[in-house]
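S.K.: One structure, pasted below without further comment.
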Amino acid sequence: MSLSLSMAAFALAASISPGPVNIVALGSGARHGLRASLAHVAGATLGFCLLLVLVGLGLHQLLLRWPLLGLLLHWGGVAFLLYMAWKLAADDGQLGGSHPLQAPSAWHGAAMQWLNPKAWLAAVAGVGAYTGGEQQLLWLFAWIYGPICFLSVASWAWAGSVIRQYLGNPRHLRRLNRGLAVLLVGSAIYLVLQGQQVAALR
17 MSLSLSMAAF
27 ALAASISPGP
37 VNIVALGSGA
47 RHGLRASLAH
57 VAGATLGFCL
67 LLVLVGLGLH
77 QLLLRWPLLG
87 LLLHWGGVAF
97 LLYMAWKLAA
107 DDGQLGGSHP
117 LQAPSAWHGA
127 AMQWLNPKAW
137 LAAVAGVGAY
147 TGGEQQLLWL
157 FAWIYGPICF
167 LSVASWAWAG
177 SVIRQYLGNP
187 RHLRRLNRGL
197 AVLLVGSAIY
207 LVLQGQQVAA
217 LR
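Quick note: the sequence shown uses this note's numbering, first residue 17, plus one each step.
Printed below as a string of structure tokens:
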């Protein structure tokens, strides 16, 4: 029981803290509402749980053996964050209209987790701390992590949906979107700097 509670505490701390996935969930909630954002939330949850299990089964060792694959994931993450930032910054702030912007899909949520260094760090650290190479503990960790991750990301989408009622003026929504876009660009810059530090250490 104490191990399960510790796993749950780790999952909550890692899932609810700010990061690219949660920033997009907040923006989606503000733009589209909670219900329309749940596909992104579900995709992010399933994407992370799959990542967690595969890291536990040895994916991280594969990346260490094939550094080019890790490099592709790294720069793919940078490109994806910049793409999502551009989508937010380009939004006109109109909640209705003839060409409404679509809410982020489940695929977007899953892809963001796989291209998100925060998710990789949480998966590697969590697997190292709690499973000890035992598959039974790995599956327990994934089952605990899943609902906590879903509720954590959903809480950001819900917060966005609460803000939505104050965003009737398109100018206010544009400001929010551009602020979130700046945060995503900041995350991308952090990724670039982190990659340069790793290269320097090599």
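The C-beta atom is built at its ideal place from N, Cα and C for all residues, glycine as well.
On a Cα-Cα basis, can you pick out the residue from Leu199, Gln118, Val140 that is closest to Leu68?
M.R.: Along the sequence shown, read from residue 1 onward, the residue named residue 68 stands at position 52. Here the closest residue by C-alpha is Val140.
S.K.: Considering only C-alpha positions, which residue in the set Gln181, Leu196, Tyr146, Gly176 is nearest to Leu21?
M.R.: Translated into the one-based positions of the sequence shown, residue 21 becomes position 5. Among Gln181, Leu196, Tyr146, Gly176, the Cα nearest to that of Leu21 belongs to Tyr146.
S.K.: Less than 8 Å separating the beta-carbons of Gly45 and Ser53?
M.R.: Stepping through the sequence shown from its first residue, residue 45 is reached at position 29. Stepping through the sequence shown from its first residue, residue 53 is reached at position 37. The answer is yes: Cβ separation under 8 Å.
S.K.: Since Leu104 contacts Ala197 with CB under 8 Å, what's their CB separation in whole angstroms?
M.R.: Indexing the sequence shown from 1 puts residue 104 at position 88. Indexing the sequence shown from 1 puts residue 197 at position 181. That belief holds up - the Cβ atoms of Leu104 and Ala197 are roughly 4 Å apart, short of 8 Å.
S.K.: Quick one: grab the DSSP three-state call for Thr147.
M.R.: Taking the first residue of the sequence shown as 1, we reach residue 147 at position 131. If DSSP states are grouped into helix, strand and coil, Thr147 belongs with coil.
S.K.: Helix or strand or just coil, what does DSSP make of Ser114?
M.R.: Here residue 114 refers to the residue found at position 98 of the sequence shown. Annotation note: pLDDT 45 at Ser114 (below 50); position unreliable, coordinate value reported separately. In this structure, Ser114 counts as coil in the three-state DSSP scheme.
S.K.: Count the other CB atoms, across all protein chains shown, that sit within 10 Å of the CB of Ile164; report buried if there are 16 or more and exposed otherwise.
M.R.: For the purposes of this step, residue 164 is taken as residue 148 along the sequence shown, with counting starting at 1. Answer is buried; the Cβ neighbour count reaches 16.
S.K.: Go ahead and pull the three-state DSSP assignment for Gly74.
M.R.: As a working note, residue 74 is residue 58 in the sequence shown. In the structure shown, Gly74 sits in coil (DSSP, three-state: anything other than H, G, I, E or B).
S.K.: Helix, strand or coil: how does DSSP classify Pro36 here?
M.R.: As a working mapping, residue 36 is identified with position 20 in the sequence shown. It is helical.
S.K.: Among the candidates Val37, Gln118, Ile32, Gln181, whose CA atom is the shortest distance from the CA of Ala127?
M.R.: Here residue 127 is taken as the residue at index 111 of the sequence shown, counted from 1. Closest option to Ala127, Cα to Cα, is Val37.
S.K.: Along the alpha helix (DSSP H) that carries Gln129, what are the first and last residues, could you check?
M.R.: For the purposes of this step, residue 129 is identified with residue 113 of the sequence shown, where counting begins at 1. Run containing Gln129: 122 to 130, per the alpha helix (DSSP H) assignment.
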